[in-house]
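Q:
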């Protein structure tokens, strides 16, 4: 369970860093949050991988949910448009990552505990 919390925190950190990057275009002080957000995301992702979570699954979930959350939050915070096609793409990406997650599992002779 802690591994999933680390992964969730990595996603939130990366999204915060990305949103801060957009905000920093007009207010450079936000660049501090960009650095902190991205650094925290990579440190947390490191923790996820060290706990035995498969790289392809962790990175896929991190990337897909990060893209979707960034698109939704940039719409809320910055008034950017999310079209039906974009929403469909987000659903497909998340669905694809879900397929990777469900298709991965402990390989013969290898014990992976993603909890």
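Numbering (this note's numbering), first residue to last: 4 to 118. Backbone N, C-alpha and C fix where the C-beta goes; we use that ideal spot for every residue, glycine too. As the structure is a computational prediction, the values presented were derived from the model and not from experiment.
1) Mind checking whether residue 88 and residue 71 have CB atoms under 9 Å apart?
2) According to DSSP, is residue 31 part of a helix, a strand, or is it coil?
3) The alpha helix (DSSP H) with residue 93 in it runs from where to where?
4) Less than 8 Å between C-beta atoms, sequence neighbours within five positions excluded: which residues of the same chain meet that for residue 78?
5) When burial is assigned at 16 or more other CB atoms within 10 Å of the CB, is residue 112 buried or exposed?
6) Using only the alpha-carbon positions, how far apart do residue 45 and residue 38 sit?
7) With three or more C-beta pairs closer than 8 Å as the rule, is the stretch 48-59 touching the stretch 20-40?
8) Mind reading off the beta-carbon distance from residue 12 to residue 68? Whole number of angstroms is fine, and I expect it under 8 Å.
9) Assign residue 5 to buried or exposed, taking buried as 16 or more other Cβ atoms, counted over all protein chains shown, within 10 Å of its Cβ.
10) What's the C-alpha gap between residue 43 and residue 106?
A: The short version:
1) Along the chain shown, read from residue 1 onward, the residue named residue 88 stands at position 85. Along the chain shown, read from residue 1 onward, the residue named residue 71 stands at position 68. It is not a contact, given that the beta carbons lie outside the stated cut-off.
2) Start at 1 with the first residue of the chain shown, and residue 31 comes out as number 28. Note: residue 31 maps to helix in three-state DSSP.
3) As a working mapping, residue 93 is identified with position 90 in the chain shown. Element bounds for residue 93: 87-106.
4) Along the chain shown, read from residue 1 onward, the residue named residue 78 stands at position 75. Close CB contacts of residue 78 within its chain, under the 8 Å cut and outside five residues either way in sequence, are with 84, 85 (chain order).
5) Here residue 112 is taken as the residue at index 109 of the chain shown, counted from 1. In this predicted model, residue 112 has a pLDDT of only 43, less than 50, meaning its place in the structure is not dependable enough to derive any value.
6) Locating residue 45 in the chain shown gives position 42, counting from the first residue. Locating residue 38 in the chain shown gives position 35, counting from the first residue. For residue 45 and residue 38, the distance between alpha carbons rounds to 11 Å.
7) no
8) Taking the first residue of the chain shown as 1, we reach residue 12 at position 9. Taking the first residue of the chain shown as 1, we reach residue 68 at position 65. About 12 Å separates the two Cβ atoms, so there is no contact after all.
9) Locating residue 5 in the chain shown gives position 2, where the first residue counts as 1. Label assigned to residue 5: exposed.
10) Counting from one through the chain shown, the residue named residue 43 turns up at place 40. Counting from one through the chain shown, the residue named residue 106 turns up at place 103. When rounded, the distance between both Cα atoms is 29 Å.
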